[in-house]
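First residue of the sequence shown: 1, per UniProt numbering; consecutive thereafter.
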Amino acid sequence: MDTKLHLRGGSRTRSGKETLYYIKGGSEALLGALQRRLESLGVEILTGVAADAVHTEGAGVSGVGAGGVFHPAGQVLVTVAPQLAVGLLDHDGADHPAVPELQRRWSATDYLGNLCLVLENNRKLSDTYWLNVNDPDFPFVGVIEHTNLDRPERYDGKHVVYLSKYLPTDAELYRMSDEEVFAYSLPHIQRMFPGFDRSWVERFHVWRAEHAQPVITPHYSRAMPAVESRVRGLYLSSMAQVFPEDRGTNYAVRAGRRAGRLIADRLRAATPAGSAYV
Ligand SMILES: Cc1cc2nc3c(=O)[nH]c(=O)nc-3n(C[C@H](O)[C@H](O)[C@H](O)COP(=O)(O)OP(=O)(O)OC[C@H]3O[C@@H](n4cnc5c(N)ncnc54)[C@H](O)[C@@H]3O)c2cc1C
1 MDTKLHLRGG
11 SRTRSGKETL
21 YYIKGGSEAL
31 LGALQRRLES
41 LGVEILTGVA
51 ADAVHTEGAG
61 VSGVGAGGVF
71 HPAGQVLVTV
81 APQLAVGLLD
91 HDGADHPAVP
101 ELQRRWSATD
111 YLGNLCLVLE
121 NNRKLSDTYW
131 LNVNDPDFPF
141 VGVIEHTNLD
151 RPERYDGKHV
161 VYLSKYLPTD
171 AELYRMSDEE
181 VFAYSLPHIQ
191 RMFPGFDRSW
201 VERFHVWRAE
211 HAQPVITPHY
221 SRAMPAVESR
231 VRGLYLSSMA
241 QVFPEDRGTN
251 YAVRAGRRAG
261 RLIADRLRAA
271 TPAGSAYV
């Protein structure tokens with residue numbers, strides 16, 4: 001948290017003006033560009049298929065199971081939350097002597113989920129881009145009017161606002177239906193923005209992410225999972241491993257690059273059977 005405050009403080013000029021960047025087209029533009037680049041290099045990307053197991057044989061990994069198909073691999077980089085990675089090792093991996101310790105380590109980091117209520121409004125809610133909320137009676141920690149950063153013309157003239165909350169996934173708000181979340185939030189938004197009216201909202205969307213924010217506990221650096229595991233060829237790279245930084249797309253890119261270089265080093269030292277990414 002200290003690091004995040006330091007980082008955000010550093011994005012201000014001496015006069016207090018803050019400079020933030022936004023990729024035109026959002027994450028989809030970034031991911032689309034990465035996909036095109038990787039495919040041009042001959043990488044096959046499977047979408048809409050969950051990896052369901054990482055298999056081991058002898059001292060190392062042997063491949064990945066996804067959608068009933070076994071993909072042989074000598075190097076596997078897992079990039080999901082460590083808690084989810086544990087489930088991938090549940091099967092025959094339990095026979096490997098290093099797996100129980102790995103499962104214990106990977107289970108140690110708890111996560112909070114995130115819920116975002118996104119409003120498509122026909123007018124501005126306020127002039128503020130990012131409003132942090134410290135009122136325990138308000139159900140969200142931030143009200144972010146995206147079209148105060150990027151122009152509404154890029155969004156069919158709509159004013160896009162999202163309200164964000166980090167919370168355990170068994171919390172009442174997380175478990176409400178989309179309509180219930182919206183109905184529950186309306187009076188709170190009205191209280192904060194007295195001029196606001198329900199008729200301003202043309203559409204709303206509710207987004208939920210189960211593993212959004214690793215929970216950093218005291219002495220976390222001791223518990224933080226390593227990228228390289230003691231199962232030969234098995235690596236983990238996730239937002240639970242960027243401490244002391246907080247999660248962010250830039251750290252995901254940095255962590256992926258570092259893991260890639262590490263694997264390339266190991267491949268140079270040995271002849272691989274293949275590679276796969278989860
Ligand atoms: C509300 C919110 C706002 C944010 N705003 C910003 C911001 O403004 N700037 C910024 O830099 N960062 C922001 N972040 C953080 C950023 O989104 C994350 O740090 C980043 O997405 C982490 O990337 P990742 O690849 O490690 O994990 P993820 O993006 O979580 O990717 C992991 C993927 O693995 C998939 N998966 C899970 N299990 C399996 C399986 N078995 N098989 C196959 N796939 C699987 C998941 O569906 C997911 O798509 C925000 C996060 C939230 C929740």
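Even for Gly, the Cβ is constructed at its ideal location relative to N, Cα and C.
Using the rule of at least 16 other Cβ atoms within 10 Å of the residue's Cβ for burial, across every protein chain shown, is Gly93 buried or exposed?
-> Numbered from 1 along the sequence shown, position 93 holds the residue referred to as residue 93. In this prediction, Gly93 has a pLDDT of 48, which is less than 50 and means its spatial position is unreliable; what the coordinates show is noted afterwards. By the 10 Å Cβ count, Gly93 comes out buried.
Can you grab the Cα-Cα spacing for the pair Ala50 / Ser15, in whole Å?
-> By 1-based counting over the sequence shown, the position of residue 50 is 50. By 1-based counting over the sequence shown, the position of residue 15 is 15. Each residue's Cα considered, the two are about 48 angstroms apart.
Taking Cβ positions, are Leu149 and Tyr129 nearer each other than 8 angstroms?
-> In the sequence shown, counting from the first residue as 1, residue 149 sits at position 149. In the sequence shown, counting from the first residue as 1, residue 129 sits at position 129. Contact: yes.
For the candidate residues Phe193, Pro168, Leu102 and Leu115, whose alpha-carbon lies nearest to that of Glu180?
-> Counting from one through the sequence shown, the residue named residue 180 turns up at place 180. Closest option to Glu180, Cα to Cα, is Leu115.
Where Ala259 sits in the DSSP three-state scheme = Residue numbering aside, residue 259 sits at position 259 when the sequence shown is read from its first letter. Three-state result, Ala259: helix.
Thr217 versus Gly26: straight-line alpha-carbon distance, rounded | For the purposes of this step, residue 217 is taken as the residue at position 217 of the sequence shown. For the purposes of this step, residue 26 is taken as the residue at position 26 of the sequence shown. Near 31 angstroms, if we compare the C-alpha coordinates of Gly26 and Thr217.
Limits of the alpha helix (DSSP H) - the one that Trp130 falls within | One-based indexing of the sequence shown puts residue 130 at position 130. Note, Trp130: premise wrong, no alpha helix (DSSP H); beta strand (DSSP E) at Trp130 to Asn132.
Spatial distance of Ala259 from Met224 (CA atoms) | Within the sequence shown, the letter at position 259 stands for residue 259. Within the sequence shown, the letter at position 224 stands for residue 224. Whole-angstrom Cα-Cα distance: 15 angstroms.
Could you give the DSSP three-state label for Asn122: helix, strand or coil?
-> Against the sequence shown, residue 122 aligns to sequence position 122. The answer is coil: DSSP assigns Asn122 none of H, G, I, E or B.
Determine whether the Cβ of Gly248 lies closer than 8 angstroms to any Cβ atom of chain D.
-> The structure shown contains no chain D, having only a single protein chain.
Local Cβ density within 10 Å of Pro214, reported as buried at 16 or more and exposed below that | The count along the sequence shown starts at 1 and reaches residue 214 at position 214. Buried.
Count the other C-beta atoms from every protein chain shown that fall within 10 angstroms of the C-beta of Glu145, then say buried if there are 16 or more, exposed otherwise.
-> Residue numbering aside, residue 145 sits at position 145 when the sequence shown is read from its first letter. Only buried fits Glu145, as 16 or more other CB atoms lie within 10 angstroms of its CB.
Does ligand 1 have even one heavy atom less than 7 angstroms from the beta-carbon of Gly74?
-> On the sequence shown, residue 74 is found 74 positions in, with the first residue counted as 1. Not under cutoff, so the answer is no.
In the DSSP assignment, find the alpha helix (DSSP H) that holds Trp106 and state where it starts and stops.
-> In the sequence shown, counting from the first residue as 1, residue 106 sits at position 106. Val99 to Ser107 is the extent of the alpha helix (DSSP H) around Trp106.
Taking just the CA atoms, how far does Gly195 sit from Thr109?
-> Working through the sequence shown from its first residue, we reach residue 109 at position 109. Working through the sequence shown from its first residue, we reach residue 195 at position 195. If I take the Cα positions, the gap works out to 43 angstroms.
Sorry if obvious, but does the Cβ on Thr147 come closer than 7 angstroms to a heavy atom of ligand 1?
-> Along the sequence shown, read from residue 1 onward, the residue named residue 147 stands at position 147. Not under cutoff, so the answer is no.
At least three beta-carbon pairs within less than 8 angstroms, the stretch 60-80 to the stretch 240-251 = no
Would you list the one or two residues that DSSP bridges to Asn114?
-> Looking up residue 114 in the sequence shown gives position 114. Partner(s): Tyr166 and Ala209.
Cβ of Thr84 versus every heavy atom of ligand 1: is any distance shorter than 7 angstroms?
-> Position 84 of the sequence shown, counted from the first residue, corresponds to residue 84. Sequence check: residue 84 is Leu here, not Thr. Yes, the beta carbon of Leu84 sits closer than 7 angstroms to at least one heavy atom of ligand 1.
Going by DSSP, name the residue or residues bridged to Glu18.
-> Stepping through the sequence shown from its first residue, residue 18 is reached at position 18. Answer is Arg12, bridged to Glu18.
Which ranges does the beta strand (DSSP E) cover as unbroken runs of at least 3 residues, wholly within the stretch 195-245, from first to last along the chain?
-> If we require 3 residues or more, the beta strand (DSSP E) runs fully inside the stretch 195-245 come out as 201-214 and 234-236.
State yes or no: is the C-beta of Thr217 nearer than 7 angstroms to some heavy atom of ligand 1?
-> Taking the first residue of the sequence shown as 1, we reach residue 217 at position 217. Result no, Cβ not under 7 angstroms from ligand 1.
Please state whether DSSP places His96 in a helix, a strand or coil.
-> Translated into positions along the sequence shown, residue 96 becomes position 96. If DSSP states are grouped into helix, strand and coil, His96 belongs with coil.
Considering Val86, what are the terminal residues of the alpha helix (DSSP H) in which it resides?
-> Counting from one through the sequence shown, the residue named residue 86 turns up at place 86. DSSP places Val86 in the uninterrupted alpha helix (DSSP H) bounded by Pro82 to Leu88.
Sorted by chain position, which residues of the same chain lie with C-beta nearer than 7 angstroms to residue 296's C-beta, five sequence neighbours on each side aside?
-> As displayed, the chain neither begins before 1 nor continues past 278, which places residue 296 out of reach and without an answer.
What do you reckon, are the CB atoms on Ala61 and Val54 nearer than 8 angstroms?
-> To locate residue 61, count along the sequence shown from 1; it is residue 61. To locate residue 54, count along the sequence shown from 1; it is residue 54. It should be pointed out that residue 61 corresponds to Val in this sequence rather than to Ala. A contact, by the Cβ cut-off of 8 angstroms.
Bridge-paired residues (DSSP) for Phe70 | Working through the sequence shown from its first residue, we reach residue 70 at position 70. Paired residue(s): Gly65.
For Arg261, which residues from the same chain have a beta carbon less than 8 angstroms from its beta carbon, with the 5 sequence-adjacent residues on both sides left out?
-> On the sequence shown, position 261 is the one that residue 261 refers to. Excluding residues within five positions, none has a Cβ falling inside 8 angstroms.
Where does Leu117 land, buried or exposed, given buried means 16+ other C-beta within 10 angstroms?
-> Residue mapping note: residue 117 aligns to position 117 of the sequence shown, counting from 1. Leu117 comes out buried.
How should Thr106 be labelled, buried or exposed, when 16 other C-beta atoms within 10 angstroms of its C-beta is the threshold for buried?
-> By 1-based counting over the sequence shown, the position of residue 106 is 106. According to the sequence shown, residue 106 is Trp rather than Thr. By the C-beta density criterion, Trp106 is buried, having at least 16 other C-beta atoms within 10 angstroms.
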